[in-house]
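Residue numbers (the working numbering), protein chains in the order written: chain U, 50 to 220; chain D, 50 to 220. For glycine and all other residues, C-beta sits at the position ideal for the given N, C-alpha and C. Here the structure comes first, spelled out in structure tokens, and everything after it is commentary.
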DNA sequence: CCGGTCATGTAATCTGTTACATGATTAC
DNA sequence: GTAATCATGTAACAGATTACATGACCGG
């Protein structure tokens, strides 16, 4: 199962939704952390329906309007199964930025410093944003969803620590 | 430019290589941090050649053997330009595991605990591996390539900190 | 009635992985 | 001579993004 399918199925675990609403959900409830676009959502919903993991119904009141998708019992079982499997998969430290860092020595030391300072500012903005978001979300989010945000904050702080150290060392 | 192209070009910045050698380079010099497979390497080399970013020459001694690729001056310029551009791009906290965490509350608390403990063990193994690797690489790697490894270690430690906290809280 | 946003969808494209296919060279 | 590994490449597929296309509905 693709990540996009798992993501959609996971959101539908909460309540039935239509495609447009799903997009908004990602934008407002998992901002910064996850995104998905219409070019994925509709094809994914179609496939999930074909596999019997979601059921679709057109709102009776709106004959040409929204199509609401509801996760089926089989969908819930499958979701839990796949989620567990994926989490078990190997841990990795593989991200784009790591690759970029491997090549950083090919740039000039002034350039490097500028780039790292820019990164630092970006991370500071992100930290401020997450901290604020975290405060307001603390009470209303389910336990582990909040702890996912906490985790994000911790990693951003670590990134800042590393950036400060590296910028300092680059003087 | 795709990540795979940047990765190949970045490795060729060090010295001319043939396809098979490139694969080994990633496996031995950036283990855990980055990987690339033949199905990408050869098509990427072909494209880079067409774009004039690398030059290919067949080893004279081996008429049917290795094709050595060397980065061109234009390739070097382009590599530095693209690397800077990519680093400037927005900071993100988007990874598969984050998405999975958002859905963790749909699993049972025993299952969650088991999964987190498994993750912890995986991260401990990874930390041990990186620490050992880091020790031996410290002297021989260019400055920022080493600091990329340090960064990896810091993030793995943060992950462990978060896992311990979360496992503790889940009791 | 007109602009925004709600709502659904497809087509083209890009990137990357897996699997397959082939053959040379080296070590035993 | 035969197994391992060196070496290059293609084809099929999977996953996701971007751009395009369409039209309903609502507020001013």
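Worksheet item: Could you give the distance in angstroms between the alpha-carbon of residue 51 of chain D and the alpha-carbon of residue 108 of chain U?
Response: One-based indexing of the second chain puts residue 51 of chain D at position 2. One-based indexing of the first chain puts residue 108 of chain U at position 59. So the alpha carbons of these two residues sit roughly 43 Å apart.
Worksheet item: residue 201 of chain U touches chain D at which residues, Cβ-Cβ below 8 Å?
Response: For the purposes of this step, residue 201 of chain U is identified with residue 152 of the first chain, where counting begins at 1. The contacting residues are 142 and 147.
Fill in: residue 143 of chain D, DSSP secondary structure in three states
Along the second chain, one-based indexing puts residue 143 of chain D at 94. Residue 143 of chain D falls in the coil class under three-state DSSP.
Discussion item. Closest to residue 198 of chain D by C-alpha separation, out of D:119, D:180 and D:157, would be which residue?
Written reply: Residue numbering aside, residue 198 of chain D sits at position 149 when the second chain is read from its first letter. Nearest C-alpha to residue 198 of chain D: D:180.
Discussion item. For a quick check, are the C-beta atoms of residue 75 of chain U and residue 60 of chain U less than 9 Å apart?
Written reply: As a first step, residue 75 of chain U must be located in the first chain, where it is residue number 26. As a first step, residue 60 of chain U must be located in the first chain, where it is residue number 11. The answer is yes: Cβ separation under 9 Å.
Worksheet entry | Interface residues of chain D facing residue 130 of chain U [CB-CB closer than 7 Å] | Locating residue 130 of chain U in the first chain gives position 81, counting from the first residue. Near residue 130 of chain U there are no residues of chain D at all, since even the closest Cβ is about 10 Å away, more than 7 Å.
Worksheet item: Would you say residue 126 of chain D reaches chain U, if we count a Cβ-Cβ gap shorter than 9 Å as a contact?
Response: Counting from one through the second chain, the residue named residue 126 of chain D turns up at place 77. For residue 126 of chain D, the answer is no, since every Cβ of chain U falls outside 9 Å of its Cβ.
Discussion item. So for residue 50 of chain U, helix, strand or coil by DSSP?
Written reply: Residue mapping note: residue 50 of chain U aligns to position 1 of the first chain, counting from 1. Residue state, collapsed to three classes: coil.
Item to complete: Using a Cβ cut-off of 9 Å (strictly closer), state whether residue 88 of chain U contacts chain D.
Response: If you number the first chain from 1, residue 88 of chain U lands on position 39. Chain D, which has no Cβ nearer than 9 Å to the Cβ of residue 88 of chain U, makes this no.
Practice prompt. Answer yes or no: does any C-beta atom of chain U fall closer than 9 Å to that of residue 116 of chain D?
Written response: Sequence index remark: in the second chain, residue 116 of chain D carries index 67 (1-based). No, no contact with chain U.
Worksheet item: Where does residue 116 of chain U sit, in a helix, a strand or coil, going by DSSP?
Response: Reading the first chain from its first residue, position 67 is the one you call residue 116 of chain U. Strand.
Worksheet item: Just checking, does the region 122 to 137 of chain D make contact with the region 131 to 150 of chain U on the three C-beta pairs under 8 Å criterion?
Response: yes
Practice prompt. Name, please, each residue of chain D whose Cβ falls closer than 7 Å to the Cβ of residue 205 of chain U.
Written response: As a first step, residue 205 of chain U must be located in the first chain, where it is residue number 156. Going along chain D in sequence order, the residues near residue 205 of chain U (Cβ under 7 Å) are 142.
Item to complete: Taking residue 103 of chain D as part of the beta strand (DSSP E), name the residues at either end of that continuous run.
Response: Reading the second chain from its first residue, position 54 is the one you call residue 103 of chain D. Start and end: 103 to 107.
Discussion item. What would DSSP say about residue 203 of chain U, mapped onto helix, strand or coil?
Written reply: Residue 203 of chain U sits at position 154 when you count from the first residue of the first chain. Here residue 203 of chain U sits in helix by DSSP.
Discussion item. Just to check my reading of the structure: residue 106 of chain U and residue 62 of chain U have Cβ atoms closer than 8 Å, yes? What is that Cβ distance to the nearest angstrom?
Written reply: Within the first chain, numbered from 1, the residue matching residue 106 of chain U stands at position 57. Within the first chain, numbered from 1, the residue matching residue 62 of chain U stands at position 13. Actually they do not touch by this definition, with Cβ atoms about 18 Å apart.
Worksheet item: Since residue 171 of chain D meets chain U, which of its residues come closer than 8 Å, beta carbon to beta carbon?
Response: Locating residue 171 of chain D in the second chain gives position 122, counting from the first residue. The contacting residues are 139 and 140.
Worksheet item: What residues of chain U sit near residue 210 of chain D, judged by a beta carbon separation below 8 Å?
Response: Start at 1 with the first residue of the second chain, and residue 210 of chain D comes out as number 161. Within 8 Å Cβ-Cβ: 203.
Worksheet item: Can you pull the DSSP bridge partners for residue 79 of chain U?
Response: By one-based count along the first chain, residue 79 of chain U stands at place 30. None, per the DSSP bridge assignment.
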